[in-house]
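Read top to bottom, the protein sequences are chains A and B.
Residue numbering for the first sequence follows the working numbering, starting at 1 and increasing by one per position.
Residue numbering for the second sequence follows the working numbering, starting at 213 and increasing by one per position.
For every residue, glycine included, the Cβ atom is placed at its ideal position computed from N, Cα and C.
There are 2 protein chains.
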Amino acid sequence: MSGTLDIAGTAALVGDPARANILGALLDGRALTASELAYFAHVSPQTASAHLAKLSEGNLITMLRQGRNRYYRLASPPVVQMLEGIMAVAVSGTPHRRAVSRVDAAMRAARTCYGHFAGRLGGALADSLGARGHIVLTEDGGEVTDSGTIFLSDFGVDLGAAQRRRRMFCRPCLDWTERRLHIGGAVGAALAARCFDLGWCARTKDSRALKI
Amino acid sequence: MSGTLDIAGTAALVGDPARANILGALLDGRALTASELAYFAHVSPQTASAHLAKLSEGNLITMLRQGRNRYYRLASPPVVQMLEGIMAVAVSGTPHRRAVSRVDAAMRAARTCYGHFAGRLGGALADSLGARGHIVLTEDGGEVTDSGTIFLSDFGVDLGAAQRRRRMFCRPCLDWTERRLHIGGAVGAALAARCFDLGWCARTKDSRALKI
DNA sequence: AAAACGCTTCGCCCGCGAGCGAAGCATTGC
DNA sequence: GCAATGCTTCGCTCGCGGGCGAAGCGTTTT
C-alpha cells in the first residue's frame with residue numbers, strides 16, 4: 001500500500017511450507033510445471049495453483065504457457081539472492097559454529113543445478129553440442145536431433161529410460177550466475193551421470209574432452 | 213526438524229507485520245528495548261514480548277538485560293543480509309524498471325543509522341570524542357561527560373530537549389559494515405542535525421573539522 | 001465430436017496464530 | 001517496607017489463510 005515496501009508480505013510468501021518447497025524446487029533455475037510443483041510441495045494441484053497465483057502476484061515467479069502445461073520459474077536474480085539469504089539464516093540456527101560454514105557452502109553449491117552440469121562447464125557444453133547440431137536449445141524448450149541421439153548413444157549416455165516422451169526430457173536451464181542456457185532435464189542428468197561414471201567429474205576444461 | 217533447514221519457518225518469522233516492523237527498526241544495528249519495539253510494531257507490550265521471544269528462538273535477534281530493560285538487537289550479519297534481500301525483492305514488486313534501482317539504493321543507504329552518523333565518519337567521530345574524554349562509549353551503553361556537555365553546547369548542539377533523562381539518550385551503535393561502535397541515540401541525532409545545519413553534510417573527513 | 005489431460009476457480013471447513021486483558025515476576029526507586 | 005516500572009506468562013477470543021472436493025475452462029489427442 002502507498003508504494004511502501006511490504007517486507008512482511010514478501011516474507012510471508014516464503015513463510016508457508018508449501019510455497020517454500022515450491023521455491024526451493026525452483027531454486028536451481030529450472031522451470032517446472034504446476035503439477036510437478038504440487039508434487040514437490042506435497043499438496044493437491046488446486047492448492048498448489050493457489051500458491052502459484054500468490055507467488056506470481058508477488059512477482060517471485062513468472063509463468064509461461066506451453067501447450068497445456070504451464071511452466072513456472074523464479075522471476076529474477078534478486079529472488080534467488082533473497083532465498084539464499086533466508087537459507088543462510090535458517091541453517092545457522094541451532095548448529096554449533098563449525099557446521100555453519102560447511103553447510104552454507106554446500107547449499108550454495110547446490111544452487112547450481114542438481115542433476116546436470118551448470119556454470120561455465122554447462123554453458124560450454126551446451127554451446128559445443130549446439131554448434132554441432134546435436135541439440136537445439138531455445139528459451140522455450142530443447143530438443144535432441146537425430147545426430148545428437150546417435151552421438152549421445154555412442155558416448156554411452158542411456159537415453160532409453162527417459163525417452164518415452166520426446167519433448168520435455170531435454171530442457172534448457174538458465175543459470176543465474178552465467179546468464180546463459182545450458183542443458184537440463186533428463187538428458188542433462190543422464191549426460192552428467194555418464195561423465196561421472198567415466199571419472200571426469202567437474203573439471204574446468206572437460207567440455208573439450210567431450211568432443212572425442 | 214531433523215536438522216533440515218526450515219526455510220518456511222525462518223521466513224514466517226519475518227512474514228508477520230509486527231515482527232517485520234521490529235526487524236526493520238533494528239535494521240540499523242542499534243539495540244532497542246522491548247517497549248520501544250512494541251511502539252514501532254504498533255502492538256501492545258505483551259504481544260511484542262511474544263514476538264520477541266519467537267525471534268530469539270529463531271536466532272534472528274539477541275537479548276541482553278540491562279537494569280530493568282532488555283535490549284534487543286539483530287543477531288548476526290547474515291540476518292541483515294537476509295532482510296536486505298527481502299527488501300530488495302519487496303521493493304521491486306510493482307514499480308517500473310527505473311524506480312527500482314533508485315529506491316533500492318536509498319534503502320541500502322538507510323541501512324546505516326537514520327538519525328546519526330555511521331560508517332567511517334561515525335566511527336572516526338566516536339573515536340575522536342572518546343579520546344578527548346567527551347564521551348564514554350561501551351558495548352552496554354554510552355554517557356556524555358561534563359566536558360563533553362560543555363564541548364557540545366559550545367559547538368551548538370541542542371542537548372536540552374533530550375536530556376531530561378541522563379541515561380540512554382546517548383547510545384552506542386554497532387555498524388555492521390564497519391564493525392565498530394559509533395554515537396547513536398538523541399545525542400548522535402542532535403550532533404548530526406547540527407552538522408547538517410552548518411552545511412557540513414557527509415564529507416569524508418569532516419571529523420577533523422569537528423576539533424575546532 | 002468426444003474423451004483425456006492440465007490447470008484454475010468456487011465453496012466450504014477448520015486449525016493456527018496474532019491480539020489483548022489480567023495477573024505474575026523481576027528490578028529500581030522512595 | 002511499599003510503590004512504580006519494565007517485561008513476561010496465562011487464558012481467551014477471533015479472524016485470516018491453507019487445505020481439499022467439485023466443477024469449469026482451455027488444450028491436446030484419437
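query	result
Would you report the Cα separation of A237/B and F252/B, rounded to the nearest angstrom?	7 Å
With 8 Å as the threshold, decide whether the Cβ of I273/B is near any Cβ in chain A.	no
Using a cut-off of 9 Å between C-beta atoms, extract the partners of I22/A located in chain B.	None at all; the shortest Cβ gap to chain B is about 10 Å.
Would the beta-carbon of H263/B fall within 8 Å of that of I234/B?	yes
Whose Cβ in chain B lies nearer than 9 Å to the Cβ of D16/A?	A220, A223, A224 and G227
Would you identify the three-state DSSP class for R277/B, choosing helix, strand or coil?	strand
When we look at the beta-carbon of G67/A and count the other beta-carbons within 10 Å, is it buried (16 or more) or exposed?	exposed
Would you list the residues sitting across from R70/A in a DSSP beta bridge?	R65/A
How about L225/B and G270/B: are their beta carbons less than 8 Å apart?	yes
Using CA coordinates, which residue listed in Q293/B, E248/B, T259/B and L272/B is at the minimum distance from I282/B?	Correcting the residue type first, residue 282/B is Arg in the shown sequence and not Ile. When only C-alpha atoms are compared, the closest one is E248/B.
Do the CB positions of G227/B and G15/A come within less than 8 Å of each other?	yes
Are the Cβ atoms of A265/B and A250/B separated by less than 8 Å?	no
Leaving out five residues on either side along the sequence, give the residues of the same chain with a beta carbon under 8 Å from the beta carbon of G221/B.	G270
Under 8 Å between beta-carbons, which chain B residues line up against A88/A? List them in chain order, please.	P290, Q293 and M294
Are P45/A and A31/A close, meaning C-beta to C-beta below 8 Å?	no
Is the CB of V91/A under 8 Å away from at least one CB in chain B?	yes
What does a CB cutoff of less than 6 Å around V79/A pick up in its chain, not counting 5 residues either side in sequence?	L60
Taking the C-alpha atoms as reference points, what is the distance between R65/A and R73/A?	12 Å
Beta-carbon within less than 7 Å of A287/B's beta-carbon, same chain only, minus the 5 sequence neighbours each way: which residues are those?	N271, L272, I273 and T274
Taking Cβ positions, are L83/A and L27/A nearer each other than 8 Å?	yes
Kindly identify the DSSP beta-bridge partner or partners of T245/B.	Y283/B
Output the boundary residues of the alpha helix (DSSP H) element that contains L83/A.	P77 to V91
What's the C-alpha gap between T138/A and P289/B?	Bear in mind that the predicted position of T138/A carries a pLDDT of just 45, short of 50, making it unreliable; the figure below should be weighed with that in mind. Approximately 40 Å between the Cα atoms of the pair.
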